[in-house]
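**Q** Take a look at this one; I'll ask things after.
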Amino acid sequence: MKIGNIDLGERPVTLAPMEDVTDASFRILCREAGAAMVTTEFVSSDGLVRDVSKTIAKMHTLEEEAPVAVQIYGSIPEAMVDAAKMADQAAELAGGHGADIVDINFGCPVSKIAGRGAGSGMMREPDKMVAITKAIVEAVGKPVTVKTRLGWDDNSKIIVELAERLQDAGISALTIHGRTRCQMYKGEADWTLIGAVKDNPRMHIPIIGNGDINSAQKAKGAFDRWGVDGIMVGRASFGHPWIFTEIRHLLDTGEELPPMSVADRVALAKRHFQLSLDLKGPITGVYEMRRHLSCYFKGLRDFKETRIKLVTSKDPAEIFATLDYVAARWGEEAPAVEGAYGL
Ligand SMILES: Cc1cc2nc3c(=O)[nH]c(=O)nc-3n(C[C@H](O)[C@H](O)[C@H](O)COP(=O)(O)O)c2cc1C
């Protein structure tokens, strides 16, 4: 599958953008685990054009992440175009590798965003959505992609027609989360309309399906049943970034990997933690790693005390020592990963 000239290989599995989760350390880890592409957390177009340094810093990516998309959101057409140009120039503005792709978020359901007409709020104004997309494609040198949902609610599942219009506006790939805005994250993702977009003979850009993929079997099933070009995995990667290795292995060999041992999970957690420290420093690096660390070892018996230590310690050396202790005590175990975050 190709996005512009960027070749993601056969049946690629990408990491979904997730605010407060998919920072550079997690993105690198997922790339190393087999994710074909990653996307930054969404970046506010208003923040970019107002030159807010924290917003600009969100566009900082590293060479090891490539290919990486920088995702922007907003509702004001001029600000979106200016922000897209800034994302296009992310390497110059924020340092690092910058963007290989500029992705537009037309899917976020959160009230403070969708309620103001940004994210999935744009699904109520498809003409505006298409016009913004076209203006961005014309303004930006890199491939432009869109991530969106099925529609606003059950009565307005407009994705099949919208996909054609977005394609005509010039985007290079489309990611569809199989829910409406009103579903937020509730209920099950409905892949039927993702399949209908893929089946539309007028469509020729790659279609990436998204929603509820939480196992290698489910990923393979989605490729086989719906014929999508790629799959995007979000929540199931949280605390379980090796899901990309598991999916890749099944897709490439037809065989399922056994659950990863705790010793190997510790090795991954240490790598993740070190990246977090290197990129964010000892204070933020520790703080932001806590939410991940508490999820890496779900399902271990008698783990409560150790878990509390992992998520309360402020001292990196002590956290590394606790991780060594986890490997020594539970290293041989390999509990199945169940009940991914929010799934
Ligand atoms: C905590 C969290 C943050 C998210 N942030 C973003 C975001 O910044 N941009 C975006 O396009 N989608 C965002 N999403 C949506 C995911 O990218 C994805 O579409 C959704 O979780 C469905 O996929 P999944 O079932 O594999 O998790 C977020 C989801 C979660 C749970």
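For our numbering, add 953 to where a residue sits in the sequence shown, where the first one is 1.
All C-beta atoms, glycine included, are put in the ideal place defined by N, C-alpha and C.
Quick one: is the Cβ of Val1186 within less than 7 Å of any heavy atom of ligand 1?
**A** In the sequence shown, the residue the question calls residue 1186 occupies position 233. Val1186: yes, Cβ under 7 Å from ligand 1.
**Q** Can the beta-carbon of Val1181 be found less than 8 Å from the beta-carbon of Ile1161?
**A** As a first step, residue 1181 must be located in the sequence shown, where it is residue number 228. As a first step, residue 1161 must be located in the sequence shown, where it is residue number 208. Contact flag set, yes.
**Q** Cα-Cα, which of Ala1084, Cys1061, Thr1086, Asp1080 is closest to Gly1074?
**A** In the sequence shown, residue 1074 corresponds to position 121, counting from 1. Taking only the C-alpha atoms, the option nearest Gly1074 is Cys1061.
**Q** Report the three-state DSSP secondary structure of Cys992 (helix, strand or coil).
**A** Start at 1 with the first residue of the sequence shown, and residue 992 comes out as number 39. Sequence check: residue 992 is Thr here, not Cys. Looking at Thr992 - three-state DSSP - the assignment turns out to be strand.
**Q** Are Val1090 and Ala1122 close, meaning C-beta to C-beta below 8 Å?
**A** Start at 1 with the first residue of the sequence shown, and residue 1090 comes out as number 137. Start at 1 with the first residue of the sequence shown, and residue 1122 comes out as number 169. Yes.
**Q** Can you give, in chain order, each stretch of the alpha helix (DSSP H) that sits fully within the region 1222-1270 and has at least 4 residues?
**A** Fully enclosed alpha helix (DSSP H) runs of 4 or longer: 1257-1265.
**Q** Given the structure, does Gly1164 come close to ligand 1, in the sense that its CB is under 7 Å from one of the ligand's heavy atoms?
**A** Stepping through the sequence shown from its first residue, residue 1164 is reached at position 211. Yes, Cβ of Gly1164 sits closer than 7 Å to a heavy atom of ligand 1.
**Q** Rounding to the nearest angstrom, what Cα-Cα distance links Met1082 and Leu1127 in this structure?
**A** Walking along the sequence shown from the start, residue 1082 turns up at place 129. Walking along the sequence shown from the start, residue 1127 turns up at place 174. Whole-angstrom Cα-Cα distance: 14 Å.
**Q** What did DSSP end up calling Val1023 once you bin it into helix, strand or coil?
**A** Sequence index remark: in the sequence shown, residue 1023 carries index 70 (1-based). It is a strand residue.
**Q** Helix, strand or coil, according to DSSP, for Lys1100 in the structure here?
**A** The count along the sequence shown starts at 1 and reaches residue 1100 at position 147. The answer is strand: DSSP assigns Lys1100 an E or B state.
**Q** Hey, quick one: how far does the alpha helix (DSSP H) through Thr1133 stretch, first residue to last?
**A** Taking the sequence shown and counting its residues from 1, the one referred to as residue 1133 is at position 180. Thr1133 -> not in any alpha helix (DSSP H); beta strand (DSSP E) instead, spanning 1126-1133.
**Q** Please name the residue or residues paired with Thr1145 in a DSSP beta bridge.
**A** In the sequence shown, counting from the first residue as 1, residue 1145 sits at position 192. Bridge partners of Thr1145: none, in fact.
**Q** Using three-state DSSP, classify Thr975 as helix, strand or coil.
**A** In the sequence shown, residue 975 corresponds to position 22, counting from 1. Coil.
**Q** Ends of the beta strand (DSSP E) at Val966?
**A** The count along the sequence shown starts at 1 and reaches residue 966 at position 13. Element bounds for Val966: 966-968.
**Q** By Cβ distance, which residues of its chain are closer than 7 Å to Phe1256, with the 5 residues on each side in sequence left out?
**A** What you label residue 1256 is simply residue 303 of the sequence shown in a count that begins at 1. Closer than 7 Å at Cβ, skipping near neighbours: Phe1250.
**Q** Helix, strand or coil, according to DSSP, for Lys955 in the structure here?
**A** The residue given as residue 955 occupies position 2 in the sequence shown. Strand at Lys955.
**Q** Take the Cβ of Pro1235 as the centre, count every other Cβ of all protein chains shown within 10 Å, and call the residue buried at 16 or more, exposed below.
**A** Counting from one through the sequence shown, the residue named residue 1235 turns up at place 282. Looking at its Cβ environment, which holds fewer than 16 other Cβ atoms inside 10 Å, Pro1235 is exposed.
**Q** Does the Cβ of Val974 lie closer than 7 Å to at least one heavy atom of ligand 1?
**A** Here residue 974 corresponds to residue number 21 of the sequence shown, with the count starting at 1. Checking the Cβ of Val974 against ligand 1 gives yes.
**Q** I need the straight-line Cα distance from Gly1000 to Gly1068, nearest angstrom please.
**A** As a first step, residue 1000 is located in the sequence shown; it is residue number 47 there, counting from the start. As a first step, residue 1068 is located in the sequence shown; it is residue number 115 there, counting from the start. Cα-Cα distance, rounded: 18 Å.
**Q** I'd like to confirm something about Met1082: is its beta-carbon nearer than 7 Å to some heavy atom of ligand 1, or not?
**A** Residue 1082 sits at position 129 when you count from the first residue of the sequence shown. Checking the Cβ of Met1082 against ligand 1 gives no.
**Q** At a threshold of 7 Å, does His1130 count as lining ligand 1 (C-beta to nearest heavy atom)?
**A** Within the sequence shown, numbered from 1, the residue matching residue 1130 stands at position 177. For ligand 1, at least one heavy atom lies less than 7 Å from the Cβ of His1130.
**Q** By DSSP's criteria, Gly1049 is part of a beta bridge. Which residues make up the other side?
**A** Locating residue 1049 in the sequence shown gives position 96, where the first residue counts as 1. DSSP lists Thr1014 as partners of Gly1049.
**Q** Using only CA atoms, which one of Asn1163, Ala989, Ala1037 lies nearest to Pro1096?
**A** Indexing the sequence shown from 1 puts residue 1096 at position 143. Measuring from the Cα of Pro1096, the nearest candidate turns out to be Ala1037.
**Q** Do Thr967 and Thr993 come within 8 Å of each other at the CB atom, strictly closer than that value?
**A** Walking along the sequence shown from the start, residue 993 turns up at place 40. Walking along the sequence shown from the start, residue 967 turns up at place 14. Not in contact: Thr993 and Thr967 (Cβ atoms no closer than 8 Å).
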